[in-house]
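Add 60 to a position in the sequence shown, counting from 1, and you land on the number used in this note's numbering.
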Amino acid sequence: MDSLNRKLGLIENLFEILHDLGAMIDVNFARIEGPLTPDILRQALNLVQKRHPMLQVHLIELADGLYFESEGTQEIPLRVIDKQHENQGIEIAEDELHQKFSGGLTPLCRVTFLHSSTSNGVSEIIATFHHAITDGMSCMRFFDDLLSYCQQIAAGDQIGEAVTMQLLPPLETLLASHLSRNNNVEETQEQSSQEILPPKLIIEDEAPASDRRTRLLTRILSKEMTMMLRIRCRQEETTVHGALCAAILFGAAKIAFTGTPIHLSCGSSVNLRKFCEPEVSNEYMGCLASFTGSILHTLKKKTIFWDLARECKSKVSNYLDRGISIKQLNSEEFRQ
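Right, dumping it as C-alpha cells:
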C-alpha cells in the first residue's frame, strides 16, 4: 500500500474529541444467513481494507494537529466468537459502544464475527468504527463490499488485486463553494433558533456520567415489510426517513404525553455527498455527513402520523436547502 497522510478536517477533529470523551463510537450490526467461515471473512476483510484508504490509517499527533497516517498501520482486528445464544450479538455491540480505540498503529476499525456452528444458522458481523472515518453511507458501503468479497471467495471466483481508492480531502474543502456563501443562512439560522425550546435531559439530574450506559433497542423489518413501507411513503409524499422519525416521536410522546401538546426535538444525520464539488460517489468511505441539530415538533392528541412524517421530511429538506450545515462548517465558532 502507498503511504497515505493528511490532516484531519473539522468534523473529523470533532469526532476525535468526542471519541476521547467516550462518545460517538460507530457500531454496526449485520445478520448473515447461511454458511460463512472465519477464514473467508478474514480474506474479504483484507481486500476491503486495501480498497478503502480510511481503513488503512491510524492517528498521529504532530505539532500542528492530528493526522491520518497509513505507514505501519496493522490489519483490521478480527475477533471470532462461537455463537451461544440469540441476544449475544446485541450484548457484544453494546460493549463495543463503550470501548475506545487503543491508538498506536491500530486501524480505526475492528470487527467481531459471531459465528454460528450450524450450516443454516444466522451468524453476525459487528463492525466498529471511529466516527472520524465513517458515516451511515460509509458503513453500508463497508458491508456491501465485505459481503461481496465473501461471496466471490466462497464461490471460488478469481478476484483481481484490490486497488486503493483516492484519499479524499476533508469535507469542508469538498463542499460546493456557492453553498458555503449562502446569503440567507444567517437569517434562517436566527429564525430556526426561535423554534427550538431549551432541551430538558432528565438523565443529567438522575445519574453521574460514570453510571450512564448506552443500550440498544433493535427492530428488524422483513424485506416484504420494507418494500410495503417504501410504497406507502411514496403514496403519502414523504420518505422512509420521515416515517421513521415520526414513529420515534410518536413513541416518545406516548411515554411522556400528559394531555396537553408536547414539544419534542428530533435530530437527523444528513448525507452531504451530493453537495460536494464534484459530487462524491457513494463508493467512497469517509465522514461526509453532518447533523441537523434538534428540530422541534409539536405533537397533540389528534396529530396524524403521516402528517407528522411529511413535516419531518419538510423540515430536514428545508434545513438542507438553506445550507445551514455547510454554514456551520465554515463558522468561526465551529473551527474553534
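All residues carry an ideal CB built from backbone N, CA and C; glycine is no exception.
Residues of its chain near residue i, where Cβ-Cβ distance is below 6 Å and the 5 sequence neighbours each way are ignored
i, result
"residue 205", "108"
"residue 189", "86, 169"
"residue 88", "187, 199"
"residue 66", "128"
C-beta atoms of residue i and residue j nearer than 7 Å
i, j, result
"residue 230", "residue 69", "yes"
"residue 296", "residue 192", "no"
"residue 210", "residue 291", "no"
"residue 145", "residue 133", "no"
"residue 196", "residue 174", "no"
"residue 98", "residue 140", "yes"
"residue 63", "residue 162", "no"
"residue 153", "residue 74", "no"
"residue 328", "residue 376", "yes"
"residue 234", "residue 336", "yes"
"residue 102", "residue 138", "yes"
Start and end residues, alpha helix (DSSP H) containing residue i
i, result
"residue 67", "Where residue 67 is concerned, there is no enclosing alpha helix (DSSP H), although the beta strand (DSSP E) it sits in stretches over 65-67."
"residue 91", "From DSSP, residue 91 is part of no alpha helix (DSSP H) but of the beta strand (DSSP E) over 85-93."
"residue 198", "196-214"
"residue 101", "98-111"
"residue 157", "Unbroken run through residue 157: none, as it is neither H nor E."
"residue 382", "No alpha helix (DSSP H) contains residue 382, which DSSP labels as neither H nor E."
"residue 280", "From DSSP, residue 280 is part of no alpha helix (DSSP H); its letter is neither H nor E."
"residue 231", "231-234"
Own chain partners of residue i with C-beta closer than 7 Å, once the 5 adjacent residues on each side are dropped
i, result
"residue 313", "322, 324, 359"
"residue 214", "100"
"residue 96", "183, 210"
"residue 201", "342, 343, 345"
"residue 77", "none"
"residue 212", "219"
"residue 121", "none"
"residue 207", "none"
Start-to-end residues for the beta strand (DSSP E) that takes in residue i
i, result
"residue 129", "125-129"
"residue 170", "169-175"
"residue 80", "Not the beta strand (DSSP E): residue 80 falls in the alpha helix (DSSP H), residues 70-80."
"residue 222", "Counting along the chain, residue 222 falls outside any beta strand (DSSP E), and DSSP gives it neither H nor E."
"residue 141", "138-142"
"residue 184", "182-190"
"residue 121", "118-122"
Proximal residues to residue i (C-beta, below 8 Å), its chain only, five neighbours per side dropped
i, result
"residue 111", "205, 222, 223, 224, 225"
"residue 289", "281, 300, 303"
"residue 160", "79, 80, 82, 85"
"residue 116", "61, 64, 109, 110, 130, 133, 167, 224"
"residue 339", "333"
"residue 177", "142, 143"
"residue 319", "361"
"residue 274", "154, 157, 158"
Whole-angstrom C-beta distance between residue j and residue i, which should lie under 8 Å
i, j, result
"residue 228", "residue 127", "15 Å between Cβ atoms; not a contact."
"residue 298", "residue 373", "5 Å"
"residue 365", "residue 306", "6 Å"
"residue 369", "residue 302", "4 Å"
"residue 136", "residue 157", "With 8 Å as the limit, residue 136 and residue 157 do not qualify as a contact, their Cβ atoms being about 18 Å apart."
"residue 349", "residue 331", "5 Å"
"residue 308", "residue 326", "7 Å"
Within-7 Å CB hit, residue i to chain B
i, result
"residue 350", "In summary, chain B is missing from the structure at hand, where a single protein chain is found."
Check: residue i C-beta below 6 Å from any heavy atom of the ligand SAH
i, result
"residue 122", "The ligand SAH is absent from the structure shown, which contains no ligand whatsoever."
Quick check on the DSSP output: what are the complete beta strand (DSSP E) runs of length 3 or more inside the stretch 310-372, in order along the chain? 322-326, 329-331, 349-351, 355-359
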